[in-house]
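To start, the structure under review is shown below, and the notes come after it.
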Ligand SMILES: Nc1ncnc2c1ncn2[C@@H]1O[C@H](COP(=O)(O)OP(=O)(O)OP(=O)(O)O)[C@@H](O)[C@H]1O
Ligand SMILES: Nc1ncnc2c1ncn2[C@@H]1O[C@H](COP(=O)(O)OP(=O)(O)OP(=O)(O)O)[C@@H](O)[C@H]1O
Ligand SMILES: [Mg+2]
Ligand SMILES: [Mg+2]
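See below:
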């Protein structure tokens, strides 16, 4: 009986003030997809960072094909055939998609010179094969989160790895895109990266050298022999429903400890959740959205909103106490609507009315002053100041409003307010003074939410609010959002998770290609009706109004 | 860590280097460690120190200000024009010079925050403009305050009678406290760190980044103006051609003090220590009559070592 | 956009400013636009241009090098010591000086990449050290190449007989091409942009960031060495005391050319244009015999406008 | 009270603070001072700021010099009034002071070993005007527009021309900071703007060499160049006739005088209030003559 492809035995990792992992076990067999689940801060990413050579374990060992290995650094991990998609992206914003995918493995002429043509050809070939609508020459820094996630995936798949680690690859994707990804994973599991296609025969001679090198087999990467013994995928996700679809087995961890490994076919979601949280949870979707109060007059009405880049004649009304869902495919323009409304991006036309009064919103500061808050989908770049403390981040938006006297900061009131927010949202942090950088992804997301809860705006725009947040915490956040609505706040929820939109929204606005293609009342809103509107393409004659 | 805590930490770390250097000279040369010479060191720190303090916030906010050197000269000239040429009373002239510094800062701030010019370019241009204007306003000749003895007392006079302890040092101490309070205890301070650490996130948090940036540059400018007063008071004259090169020394003091040029990190205490390290080295090497060409070499190496030691500890800390 | 494309774009944008300025002077003063004067402008761009080209990659990689000015002086002295004092044949001496520049770059690279010192500090220290060593090696006296006429020809000689077109300009053109090729078509260039854009991500992609950073600083140093040769060849002597301030002009040229001091963006063509903007302005203002104090003011304002125009277009582009 | 700085085993110690230290002129002064010090068996230190604009740096150096409690101090003040307060401090500390290069308007210095820059510049103007027959365009490249040496050498030249050579048309003075390359570029621009220019004056070594290079590089023939100070390049150019001539002061002699005066002052011996170290015009005819040879530095 051959040893597992990858084994983790009794791994321990400690950070100042936190034991992230202790007595951690895990084994991944060739040809399987192993799901790893656990609450926010359970230790998933830390484990993966150990496997990919970013952290060194304090104790325990890692085995590949039964042989113990010490993964020294990321380069070494790649050489061992381990490639990873990090929860927080590691892309190079000023480079193009193609340059990012093959960074470190560029097709070369004479060893030193870049073969630009081959690079683009290879990338295009790859993208086509993966059915991904990305331009190889697009600058990554200008892509949306979802698009960047795709680039990460392509990059990892192209590395011709034996062990492919995906840390919440679908957090920013919608169902359609998730489907594409699952297809890829199945093919990968079946036959390794090779199965994703041979080198494009069309490719210039320059790079046929590295046959699979077209798919980026690093010169240093594992010998061909490896792929024979098969490949495996470690798949981390908080979208438990998708585990059924993609995983063979599920390893559950809690508070940095191994809990159990279940065979997906035999396990029920309830089993998984109980093991994750160590207690029973109320069945999902229990609490239904309260009705919009009859008084509901429009708080925010947007008319004819257009931007240079994408938006065309977008309009909608948002009422007091209403939760308005925004649905659409990647790049549909939902984030841009939000950014335009709060003045983060310039608009070419359109009016915004607040309580019936037309307002000019040149920048987010004005928006906030008018009581409109925007919670960005990109927590690392646009949501948080990761080099500062949890307390500082939570207080940032409200400093001038709630935490100062005569310009002097009131530290104590910040501390107490932040502490209560940390309680409400169950943010797992060693202390108020911990740097946000050191929090787990999901807990970072919670900090962003806390920041805006403290600011207590009248209109709140949540863009992918539950990105990377575990099931238990999701319910918490849904509850909070409903409470806010009940208190008369007007709320927009942009989400790529249709179930989320469906469960939260009183009404749903569906967008496609920068236009509003439909507005649905809660009762008419179904997966089907939404996907139909979301995929409506602009008919040639129907130009912009 | 809150800015304060971070500040305190850096203080301890950076100061280690200073202490070592100071101790070395104290042992190496009997003329180094005495009231007179220590006073000299503090006194010679005043101008660079004032500039460095003012530009610390600018750098923490992710900017840079190359105009502080020649800007200082321009403010000195303005002070001369107001007091000597226009016969304004000294206090008003001083106020005018400081406010003029604020004006320079305002222009820098507008260029950076509104026109979105790279701080390096915006302030480099201002550096040239200020240099030119200083010469124009003064007709390329020093302006002497000889008939206003009170003016020199701002720097070389002594409030503590008989102590021979120059007011300039008191002024430096005062502005250091002001700068420290601003940066560590006020909303402005918080925003300064936030902007320097992640400007986009700060803006999306509903903070008027543009306005605060302008404020930060204006405050820096006020310090430049004060530095102009202090140097002209020390020299008893406004020297239109001095100033070029001061910006580099001031920025060096800030960076030696542990403030990062990429923004978001830094402290006032660190800057003070950085400035002191430079002037202690200059003084000590001259006291020991090291040949001047070697002074540069040693200065460079020691600064390198000091910063390296500082960093090494931070990493272990 | 690929760096190349971006480069081309920036070229067009930045060049607009240059064209306008050039056209203005051509119209304003009949003595400006003629073969002789245009040659003068190109010739006067050589030294700053060479330094700027070399330091462009360093800045794109997110670093900075303050030691290029005095480092240049030191390399000039080394060239003098080798050729004049040690009697080495000119080509060997030149090679030695250039390699010595590489050595300076190596030390900077090690301090930045291995000791993880802030580039500003590491190279500031090197600036001081180089200044001192230049004086020490030359015994604080210029070294004259009078007995080696061949040496001056490197700069003021003319390969194109009778054209009166100085070799120095050809050298500048050559190194510009080399720098452009390195940055746009080689792996080194790609990693330079990658490191400057996101160092951590680059490292996580399995690239030996540390090694490449050192390489980048070394190459920058080689350019410094060449600049040292070019200036001493022009002057027929190695001047140990010159160099200070050249670094600022070179960096200014780079930034005016659209390279971002925060790294990741920039182009060689941009740097060339930036350097030309400066020297065209200097030359034009002197030709029009504007009083010099005003020249500074105008220089500052025009640079501001040029960069602003450049940016405005980029935004709309 | 002498600490270690005050001279080990009682050897007298003279602290010299000059206007600069990198430039050849000051290096020559330093050489003279060192020679004399060796002869007299005294210890000296010689320091000066990086540029002649750096008044504050000089004041600090002077302060530190007093801190070393030397037997005497010699100062070449960049701005005589800026150093006055510290000289008073020296007086209270009973440290005798001698001034050199340019005077200090204060009665504290026992004596001043200096040379008259204005008169020297006028001499240069005179020779240039003569060789041009009193007509034609003349340009000035000066090292500095605010320092005393810079303004004196500019004004001395300009004033003589104004009063004695009405036919000479003077151009805007340009300032190259004494940087040879920059001065050369300025010169070329000057020539391009004034093709009919007849003569150019460089107000210190760096400026003079810059002018020389500029004229050579521009390839224009027959422009008369007069310079200031010496240095190998300038001396060669004068000898070979590429330069009409130049003014040299006597830096080495000045250095010697300074030390001698300082020693006398420390012993309280009486000496004249002013020691004129003089200046000389040298050209291809007299450059080889002994009395010129030994006031030139190479
Ligand atoms: N660099 C670090 N320094 C200090 N603590 C850390 C660091 N990295 C992680 N931690 C802590 O280790 C614990 C595990 O974090 P980890 O990121 O592995 O959680 P996770 O399972 O990935 O959670 P999520 O589902 O939210 O991504 C958390 O409590 C986190 O605060
Ligand atoms: N910050 C940004 N900078 C540049 N372009 C952007 C930015 N945000 C969005 N875009 C562009 O706008 C288009 C719409 O992106 P947006 O994020 O609004 O879509 P979305 O509906 O929010 O989908 P998702 O956010 O899931 O990608 C994308 O094609 C992207 O190229
Ligand atoms: Mg995680
Ligand atoms: Mg979005």
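Chains as they are written, first to last, in the working numbering: chain A, 1 to 545; chain B, 1 to 317; chain C, 1 to 317; chain D, 1 to 298. Just so it is clear, CB atoms sit at the ideal spot from N, CA and C, and this is done for glycine as well. If you're wondering where the values come from, they're calculated on a predicted model, not measured in any experiment.
Boundaries of the alpha helix (DSSP H) in which residue i is found, first to last residue
i, result
"residue 434/A", "No alpha helix (DSSP H) contains residue 434/A, which DSSP labels as neither H nor E."
"residue 260/A", "Residue 260/A -> not in any alpha helix (DSSP H); beta strand (DSSP E) instead, spanning 257-263."
8 Å Cβ cutoff, residue i in contact with chain C
i, result
"residue 92/A", "yes"
"residue 199/D", "no"
"residue 294/B", "yes"
Extent of the continuous beta strand (DSSP E) to which residue i belongs
i, result
"residue 592/A", "For chain A, the structure presents residues 1 to 545; residue 592/A sits outside this window and is missing."
"residue 25/A", "18-28"
"residue 104/D", "Run containing residue 104/D: none; DSSP gives neither H nor E here."
"residue 17/D", "13-17"
"residue 298/A", "298-306"
"residue 169/D", "168-170"
Distance cut-off 7 Å: residue i Cβ against heavy atoms of ligand 3
i, result
"residue 440/A", "yes"
"residue 131/C", "no"
"residue 87/A", "yes"
"residue 65/B", "no"
"residue 45/A", "yes"
Closer than 7 Å: residue i CB and nearest ligand 4 heavy atom
i, result
"residue 494/A", "yes"
Residue i Cβ short of 7 Å to ligand 1 heavy atom set
i, result
"residue 16/A", "yes"
"residue 184/C", "no"
"residue 40/A", "yes"
"residue 90/A", "no"
"residue 393/A", "no"
"residue 20/A", "yes"
"residue 428/A", "yes"
From the options, residue whose alpha carbon lies closest to that of residue i
i, options, result
"residue 38/B", "52/D, 40/D, 88/D, 60/D", "60/D"
"residue 30/C", "301/C, 308/C, 306/C, 284/C", "284/C"
"residue 373/B", "142/B, 26/B, 304/B, 109/B", "One cannot answer for residue 373/B here, as it falls past the ends of chain B, which runs 1 to 317."
"residue 443/A", "147/A, 415/A, 472/A", "472/A"
"residue 50/A", "526/A, 22/A, 30/A, 245/A", "22/A"
"residue 225/B", "256/B, 72/B, 178/B", "72/B"
"residue 237/A", "173/A, 519/A, 316/A", "173/A"
"residue 316/A", "328/A, 478/A, 302/A", "302/A"
"residue 196/C", "272/C, 260/C, 86/C, 292/C", "260/C"
Residue-level contact to chain A via CB, residue i, 8 Å cutoff
i, result
"residue 307/B", "no"
"residue 29/C", "no"
Chain B within 8 Å of residue i, Cβ atoms only
i, result
"residue 256/C", "yes"
"residue 54/C", "no"
"residue 120/C", "yes"
"residue 129/C", "yes"
Contacts of residue i in chain F (Cβ-Cβ under 8 Å)
i, result
"residue 151/B", "Within the model displayed, chain F is absent; protein chains A, B, C and D are what it includes."
Whole-angstrom C-beta distance between residue j and residue i, which should lie under 8 Å
i, j, result
"residue 239/B", "residue 146/D", "7 Å"
"residue 311/A", "residue 270/A", "Actually they are not in contact, since the Cβ atoms of residue 311/A and residue 270/A sit about 42 Å apart, beyond 8 Å."
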